[in-house]
Amino acid sequence: MILVPCPNCGPRNSSDLRNTGEVVPRPDAATASLSEWRSYLYLRDNPAGWVTETWYCRSGCRTYFTIERNTATNEVRGLERT
Amino acid sequence: MSEIDFRGPVDSVALSAPDGAITLADESSCTKVLVRGARKTAAGIHLKVTYGRSRRRKDGVLVCGSRPGEWTLLAEPGRSGDVAESIPSEGFVSIVDITHGRAMLRISGRDAVGALAKVCNVDLADDMTPDGAVFSGSVAKVTCDLVRDDRDGERSYLISCERSFGRYLFSAVADACVEFGVDMPPGLSIH
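Just so you know, the sequences run in chain order V and C. Under the working numbering, the first residue of the first sequence carries the number 161, and numbering increases by one thereafter. Under the working numbering, the first residue of the second sequence carries the number 357, and numbering increases by one thereafter.
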């Protein structure tokens, strides 16, 4: 079980939330190339280590927030509302 | 808002254990009004309840802080109009009657927490969810809004979900109550 700290509901089982993926900076729509859009939409680093990702509290307060999670140990730090 | 005849999703009568230690009843026909708006709007100030808590108004309406910036008002059947009109609607506020869109059941009695704990993933201990607590979680794998609304000193929970899950939820919770002496009526079994 992965415990994810929701800013409103507190620690919840990850099955109560949805991991919406790594946080990726959105490119400038006016200047981005097709390659940059493709990278933004489809490509992720997927490291075995610390990653910043967005979660959605779907069973609870329905808030999106970001955390840093170690994908190897599931340790969590750096909670932030989005 | 006009009152429309309510047709409940659950066609079972209330179920009880012979010793009265647990009662499960369909309360889907209760008035349910959803209010969304910022806490600093007139509605937010009027409702006075933070996320995760509830209070009963003098007119009997139970005001539940169901999400940040969202409240659910519960009352006896047929009161949608007056409940909705009691909320100040100035500013960016949305008031919607969701009576017909949600199923609701009440589980009460000293064994209620034991039966509910079998199918709910939220900690039902007093220090985590005291009387008046409002929380959301999975009940029999259905996402539900729950309110602890004790009656006469006994545990009592209101559980609401999307209307289309109502019959299944009632059956699943009734099934969890069988261990505590509730007889499952024919046709309600989920097995």
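For every residue, glycine included, the Cβ atom is placed at its ideal position computed from N, Cα and C. Only a predicted model underlies this, so the values are computations on that prediction, with no experimental measurement involved.
C-beta contact flag for residue i and residue j at 8 Å
i       : j       : result
E359(C) : S436(C) : yes
D375(C) : G509(C) : no
E182(V) : R204(V) : yes
L472(C) : Y513(C) : yes
D176(V) : S494(C) : yes
A468(C) : L371(C) : no
M460(C) : E535(C) : no
L591(C) : S410(C) : There is simply no residue 591(C) to check, as chain C begins at 357 and stops at 547 in what is shown.
C420(C) : V405(C) : yes
G408(C) : V490(C) : yes
V498(C) : F521(C) : yes
N168(V) : P486(C) : no
Residue i, DSSP secondary structure in three states
i       : result
A530(C) : helix
A473(C) : helix
L194(V) : helix
D453(C) : strand
S385(C) : coil
F362(C) : coil
I227(V) : strand
V439(C) : helix
T395(C) : Residue identity differs from the one stated: residue 395(C) is Arg in this sequence, not Thr. In this structure, R395(C) counts as coil in the three-state DSSP scheme.
L480(C) : coil
R511(C) : coil
L146(V) : Beyond the ends of chain V as shown, which are 161 and 242, falls residue 146(V); an answer cannot be given.
R523(C) : helix
E432(C) : coil
DSSP beta-bridge partners of residue i
i       : result
R411(C) : V419(C)
C517(C) : A459(C)
V164(V) : R172(V)
C500(C) : G493(C)
N179(V) : W215(V)
S372(C) : T379(C)
S464(C) : T379(C) and S512(C)
E426(C) : R392(C) and R423(C)
Whole-Å CB distance - residue i paired with residue j, under 8 Å assumed
i       : j       : result
T226(V) : C217(V) : So it is not a contact: roughly 12 Å between Cβ atoms.
> Looking at chain V, which residues of the segment 405-428 of chain C have a Cβ within less than 7 Å of any of its Cβ atoms?
Replying inline: Y407, R423 and P424
> Can you list, in chain order, the residues of the segment 489-506 of chain C whose Cβ is nearer than 9 Å to any Cβ on chain V?
Replying inline: Within the segment 489-506 of chain C, the qualifying residues are F491, S492, G493, S494, T499 and C500.
>> If the cut-off is 8 Å on Cβ atoms, which residues from the segment 206-236 of chain V count as contacting chain C, listed in chain order?
In response: If you check each beta-carbon in the segment 206-236 of chain V against every beta-carbon of chain C, the ones closer than 8 Å belong to R218, S219, G220, C221, R222 and T223.
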